[in-house]
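Below is one structure, written out as structure tokens; comments come after it.
Residue numbers (the working numbering): -19 to 180.
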């Protein structure tokens, strides 16, 4: 792109389509813009799918009300939580700036990645003989490097994102201690039995 226009002109949301438009390739620019919209829809659908399955699993365990775990008899899909998540996402998208939402998704993803890396280190120490389908190489160096990278990226996010994220985490902690911890089907005995079965 920098070979076709000055880099100073690339500070636009749709840089590639803009470059094609500038050099007279309007049809190509339209195709690129359409591809971007389709790609965005694919990301939205994948995020919605992941979110509904997480809520479904949490509800099945008792961390959320059991009504969230209801599935359609024909399709087997959690239609109630899917509809609820769709409505909630629409409301949030209608009232919160897109940049704020993107930053919230970023910080949520980075925290998740960092926790996964931390879990790899902890599980490697606490359950060294646990049967695994995949072994992460260079533990604990690689997970530690990944955690540092995630923290670095999080520290570069705006303060407002941290405030929103803190509010979200606070709500989650309150829900957990007021409802989830009392209704969860899992306990220390169940978890230990599960670990024993996996280890065999």
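The beta-carbon is built from N, C-alpha and C at its ideal position, and this holds for glycine as well.
Contact check for residue 123 and residue 101: beta-carbon distance about 5 angstroms, within the 8 angstroms limit, so the pair qualifies. Contiguous alpha helix (DSSP H) elements confined to the stretch 31 to 103 occur at 59 to 75, taking only those with 4 or more residues. The alpha-carbon separation between residue 166 and residue 42 amounts to approximately 8 angstroms.
For residue 66, the closest alpha carbon among the candidates 115, 76 and 27 is that of 27. In this chain, the alpha helix (DSSP H) harbouring residue -4 covers -5 to 2. Taking each of 68, 72 and 12 in turn and checking the Cα distance to residue -7, the smallest one comes out for 12. The shortest CA-to-CA distance from residue 85 to any of 64, 154 and 69 is the one to 69.
Per DSSP, the continuous alpha helix (DSSP H) segment holding residue 121 begins and ends at 121 to 135.
Our two residues, residue -5 and residue 99, have alpha carbons roughly 39 angstroms apart in a direct line. Between residue 35 and residue 61 the beta-carbon gap is near 5 angstroms, inside 8 angstroms, which marks them as a contact. Note on geometry: alpha-carbon atoms of residue 132 and residue 91 lie some 11 angstroms from one another.
Sequence-distant partners of residue 151 (beyond 5 residues in either direction) whose C-beta falls short of 7 angstroms from its own C-beta are missing from its chain. Residue 120 and residue 97 have their C-alpha atoms some 9 angstroms from each other. Rounded to whole angstroms, the Cβ separation of residue 32 and residue 87 is 21 angstroms, and the two are not in contact under 8 angstroms. Excluding five sequence positions before and after residue 1, the CB atoms of its chain that fall closer than 8 angstroms to its own CB belong to 9, given in chain order. Separation of residue 130 and residue 93 (C-alpha to C-alpha, rounded to the nearest whole angstrom) is 7 angstroms.
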